[in-house]
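Protein chains in written order, with the numbering used here: chain Y, 84 to 561; chain V, 18 to 301.
Set out below in structure tokens:
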């Protein structure tokens, strides 16, 4: 059952993901979907809309027989979850599916709704839990808007559902390259011995988008970059990069290690956090408006569209090794990368000219685009003399494996149906993430930076550069 | 040519070509990049640029981004052609492939080229910018692209007014390392003049039959080395044919180099050429 079935997420991600699973025969024949939304729609209209979404967004060709199989199990209920009477329609649709397809009372409730709608839905669902079969609840991010609200939401959800039934989704964890981070680190013998403060100079994590807010002003004005990206995706990437090897790939083993990292993150002081907001500029040669000129944004908005920070993970492995993170909208390009920059060679015996181009080794994990891993090394240019230049050893997913990468939602929806929560966020993880974010934003109430402070299409405010320059470093890229 | 595309479309096209280049059951071809090579190619230089690129790919596997500005085009958009070129290299069983992205920047899209190039740069590798024709000092396009490049490669022979352009070139040298293909062309002549030491120490005049830019560079180079101004007597010619210092001819060992050879040499230089920069500063 998808709550928020008429929304953008359902059309762009959830149905294309379900179609991809059906296409690969990964859904049981009894599978059905009840769409729930406030929009007035007939079942036929809902089917047509979802078919159009699949045709537009699915990664596979559209096959009538695959779609028919999925469409047969569709139901649609118009409901306002604040209204208890609408409950009856939902129960009827579920009973109908149980009878028609033999779903055995097994339920996945996907809450693709704004944060404010989560609590009332959970209350309704909790009060009328199915007696037979299993129940799982997927909750979309953001889970709360600060530590207190996240704790409260956790309390509500856990008063009706066991932690093993709650799947807090952060779709980044479903990305192949993010999962590959674990394989890269723990499946190869060569990296772990140097994956620590002795060999790593610093880590840079970039989640940059060239897009603006794409009509999501009401959400973004509340969230900003810190709640939209840092609280979830960014801190998950930090945790995966810094975590200790888990004893196995069991959900709790992995999540225990991630929580330890989050607990060890030293609260960054105000000098270690930079925020920005984009002004007008150019993206792909096209003139784009500043954030404050976007429809639905107040002209004096102080919402940040960019955050950079220097974090320290205070543990034995990472003491004094900075993790520089940055995320923003309307940056020059779309890129999610984890860059592990190793320390320089201690004493290069080359002449000054040759040494000029001697750059430190960088291991780059490209989460998107160009999914893969690159190692930047220095090599001698063939010929007389000693000229050195950086070269890349590339592993590209697209080149190495002749299969398309599954979308994150495919993996995560399937994992949820199978009851595997490894790639979902646990309650204590979410709370630790919020604790870090709350500490970062606390000083923001006291000062009003001059916004906008970066032009769209540039790599953000000068203060973000200074954050690294103070340490004798610079951001990757340009 | 794909019309009116976004950068995402270009990336998708590249991925498709990359996937298609691998035959089932075979290991993937090596996608090799040692740099991103950006070329700014106004319309009149398009043919020459294509010719050079055709020869260059094998020597410098890289991602090449050719920018063809068409500011007067009534359309406002980007047209793209994406090519995945594979070469057999000695000593390797597999082919080495590099990527060539040709972008026609129509209408206002020609005004902010850096915002188009930046999403396509290969991360953490040097960026070489080949600027064809005159350098439009003070224009946004030039400054923007210079700011994303590690090295700017020009050919002062292509400039309409080389003396004025040299005078302003130091503005760019402060932002990016600059290579001049004309400077590379006169290297054998500079060596020949240097070989005239010690007689050349008292030189007062230099006579050059060749392109204007090369004549100016030779004269100012010798002047900065000797620490005084020299008289230049210049005779126009397509190539440097004659260099005389105080009436004594310099004998250069010339080896013919194609435009691709000359550019190729520049793509292997990383550091600052201080002697070139000093020579150019003497025009200011």
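We put the CB at the ideal spot given by N, CA and C, even for glycine.
Between residue 100/Y and residue 492/Y a beta carbon distance of about 4 Å is seen, short of the 8 Å cut, so the two are scored as contacting. DSSP places residue 477/Y within a strand segment (E or B) once states are collapsed to three. Between residue 308/Y and residue 387/Y, the CB-CB gap stays under 7 Å. Distance between residue 293/Y and residue 250/V, taken at the CA atoms: about 54 Å. In the DSSP assignment, residue 62/V falls outside any beta strand (DSSP E), carrying neither H nor E. Residue 237/Y is classed as buried because its beta carbon has at least 16 other beta carbons within 10 Å across all chains shown. Flagged as an interface residue toward chain V: residue 459/Y, by a C-beta distance shorter than 7 Å. Buried is the label assigned to residue 116/V, since at least 16 other Cβ atoms lie within 10 Å of its Cβ. If only complete runs of 4 or more residues are kept, the stretch 174-244 of chain Y shows the alpha helix (DSSP H) at 198-210, 230-243, in order along the chain. Assignment of residue 533/Y by DSSP, reduced to helix, strand and coil, places it in the coil class.
When DSSP reads this structure, residue 349/Y sits in a beta bridge with 395/Y. For the stretch 287-299 of chain V, the set of residues with a beta-carbon nearer than 9 Å to any beta-carbon of chain Y comprises 287, 288, 289, in chain order. By the rule that beta-carbons nearer than 7 Å mark a contact, residue 297/Y does not touch chain V.
With respect to residue 449/Y, residue 410/Y sits apart: the two C-beta atoms are not nearer than 7 Å.
Under the 7 Å criterion on CB atoms, residue 416/Y is classed as interfacial with respect to chain V. Under the three-state reduction of DSSP, residue 271/V is assigned to coil, being neither helix nor strand. Closest in C-alpha terms to residue 196/V, from the list 203/V, 97/V, 169/V, comes 169/V. Here residue 345/Y is not near residue 264/Y, since their CB atoms are 7 Å or more apart. Under DSSP, residue 193/V shares a beta bridge with no residue. Here the stretch 138-149 of chain V makes contact with the stretch 59-75 of chain V; the two share three or more CB pairs at distances below 8 Å. Per DSSP, reduced to three states, the secondary structure at residue 405/Y is strand. In the DSSP assignment, residue 243/V falls within the alpha helix (DSSP H) that extends over 229-243. Every beta strand (DSSP E) stretch that sits fully inside the stretch 147-226 of chain V and reaches 3 residues is listed by chain position as 168-171, 194-197.
Within the stretch 296-382 of chain Y, the complete alpha helix (DSSP H) runs of at least 4 residues fall at 300-308, 318-325, 334-347. For residue 230/V against residue 199/V, the beta-carbon gap comes to about 5 Å, under 8 Å, which counts as contact.
Nearest to residue 155/Y by alpha-carbon distance, out of 133/Y, 140/Y, 172/Y, 171/Y, is 133/Y.
In the displayed model, residue 493/Y falls within a helix according to three-state DSSP.
Residues are counted here when their Cβ sits less than 9 Å from a Cβ of chain V; for the stretch 278-295 of chain Y these are 293, given in chain order. Between the alpha carbons of residue 280/V and residue 497/Y lies a distance of about 53 Å. Here DSSP, grouped into helix, strand and coil, assigns residue 140/Y to helix.
Contact between residue 132/V and residue 366/Y holds, with the beta-carbon distance rounding to 6 Å and staying under 8 Å. Taking a beta-carbon distance threshold of 7 Å, residue 431/Y does not count as an interface residue toward chain V. Rounded to whole angstroms, the gap between the alpha carbons of residue 160/V and residue 540/Y is 15 Å.
Taking each of 301/Y, 232/Y, 246/Y, 495/Y in turn and checking the Cα distance to residue 518/Y, the smallest one comes out for 232/Y. By DSSP's assignment, residue 288/Y forms a beta bridge with 408/Y, 421/Y. Distance between residue 282/Y and residue 454/Y, taken at the CA atoms: about 25 Å.
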